[in-house]
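Beneath this line is the structure, given in structure tokens, with notes to follow.
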Amino acid sequence: MVKNDKVVTRRVIKEKSSASFSPLYKQIKDLLLQSLESGEFKAGLMIPSEQELAARFQVSQGTVRKAIDELSTENVLIRRQGKGTFVATHHEPQVRYRFLRLSTDTYHADEKRAQSIVLSCTQQTPTEEQRQLFELKPEQFVICIKRVMHLSNQPTVYEEIYVPEPSFQHLTLELLNTEKLPLYSLFESYFGVQLIRCDEKLRAVKAPLDVARMLNVEEGYPLLSVNRIAYTYGDKAMEIRNGLYLTEHYYYRNSLN
Numbered sequence: 001m002v003k004n005d006k007v008v009t010r011r012v013i014k015e016k017s018s019a020s021f022s023p024l025y026k027q028i029k030d031l032l033l034q035s036l037e038s039g040e041f042k043a044g045l046m047i048p049s050e051q052e053l054a055a056r057f058q059v060s061q062g063t064v065r066k067a068i069d070e071l072s073t074e075n076v077l078i079r080r081q082g083k084g085t086f087v088a089t090h091h092e093p094q095v096r097y098r099f100l101r102l103s104t105d106t107y108h109a110d111e112k113r114a115q116s117i118v119l120s121c122t123q124q125t126p127t128e129e130q131r132q133l134f135e136l137k138p139e140q141f142v143i144c145i146k147r148v149m150h151l152s153n154q155p156t157v158y159e160e161i162y163v164p165e166p167s168f169q170h171l172t173l174e175l176l177n178t179e180k181l182p183l184y185s186l187f188e189s190y191f192g193v194q195l196i197r198c199d200e201k202l203r204a205v206k207a208p209l210d211v212a213r214m215l216n217v218e219e220g221y222p223l224l225s226v227n228r229i230a231y232t233y234g235d236k237a238m239e240i241r242n243g244l245y246l247t248e249h250y251y252y253r254n255s256l257n
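So the sequence shown is numbered by full-length UniProt numbering: it starts at 1 and just counts up by one.
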């Protein structure tokens, strides 16, 4: 069985090399992502050693190490000194808030803890854009979560979050209010959905009246609009998030490579 697996792996690498001339470590990275997507490697658990993966894929340990390094940089995997490499989980402190980009010049770890007040959780008919992005059938729905996030005990972010109902059955207001988990940790624990990357669009907007009241500002106050699409393995969209950020005491932090 192991021999057959190696033959399949070798064929995949060869085909990808001729088609796209992707570097070998990138091909190993893709194969590791396929194992994550299939559930072979579970969130929070250790993956095989570099030596074992090198033997499985019939490449050098250096090639495997480079692929793992890149996945670690992307917070898909986490190295633990003396223990091995583990599949990242949103329960990890260094991963939990990595998509929350608001910071202050005097930032320290405790300040990033956010409190969330969920206003509603309802099933809705999707827009055409949502239907296409989530690849929904005509009879399927989305779930919409509306909430206000507090930072430093002050209302700072209003969000409307849309997820595909087929992947989040039994996501209810009661569950959101009962389980005091960050949202992505809850998605992972209850629905097996691990979000690993997102695309965002930012623009300046004026606060509409209803949002202004929730954030304790005047109507028309300048806010930062952040529209996010979050993806799981296989580049499958699993969340659309529209947020309005009060940045009077915060700035939006980003890193560019």
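Yeah, the Cβ is synthetic: ideal placement off N, Cα and C, and Gly gets one too.
All figures in this text were calculated on a predicted structure; none of them were measured in a lab.
Item to complete: Kindly indicate which three-state DSSP category A43 falls into: helix, strand or coil?
Response: coil
Worksheet entry | Pick from Q27, E37, S72 that is closest to A54, judged by C-alpha positions | Q27
Worksheet item: Ends of the beta strand (DSSP E) at I196?
Response: Unbroken run through I196: none, as it is neither H nor E.
Fill in: Sequence-distant residues of the same chain with beta carbon closer than 7 Å to Q130, five excluded per side
V142, Y162, I240
Worksheet entry | Which residues DSSP lists as bridging F86, in chain order | F86 is bridged to M46, I78.
Practice prompt. Give the straight-line distance between the Cα atoms of Y252 and Q132, rounded to the nearest whole angstrom.
Written response: Cα to Cα, the separation comes out at about 29 Å.
Worksheet item: How is K206 classed by DSSP in three states: helix, strand or coil?
Response: Strand.
Practice prompt. Classify G62 as helix, strand or coil using the three-state DSSP reduction.
Written response: helix
Worksheet item: DSSP on T73, reduced to helix/strand/coil?
Response: Look at T73 here: in three-state DSSP terms it is helix.
Worksheet item: Would K29 be called buried (16 or more neighbouring beta carbons within 10 Å of its own) or exposed?
Response: buried
Discussion item. Does V148 come out as helix, strand or coil in the three-state DSSP assignment?
Written reply: strand
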